[in-house]
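In the numbering used here, the protein residues as written are 56 to 116.
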């Protein structure tokens, strides 16, 4: 396995729905930068979420 459990709920959601998910994690620093993570890695995401401390928002493109 060798995977961290930080994103276990997103990994479980992606597997349960058979969909790739992009999560943009908001940095609390200045500038509002985000750090993107795709689940599962290397896939083309169909669902985009923004994680702000405490909750997720759905992003529409």
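Beta carbons are placed, not taken as given, at the ideal position from N, Cα and C, and that holds for glycine.
_Contact between the region 63-81 and the region 92-112 (3+ Cβ pairs under 8 Å)_ = When Cβ pairs closer than 8 Å are counted between the two stretches, the region 63-81 is seen to touch the region 92-112, the count reaching three or more.
*Which class does residue 92 belong to by DSSP, given the choice of helix, strand or coil?*
Against the chain shown, residue 92 aligns to sequence position 37. In the structure shown, residue 92 sits in a strand (DSSP, three-state: E or B).
*asked:* Check this for me: beta carbons of residue 81 and residue 108, under 9 Å apart or not?
replied: Counted from its first residue, the chain shown places residue 81 at position 26. Counted from its first residue, the chain shown places residue 108 at position 53. Contact flag set, yes.
*For residue 112: DSSP bridge partner residues*: Indexing the chain shown from 1 puts residue 112 at position 57. Per DSSP, 105.
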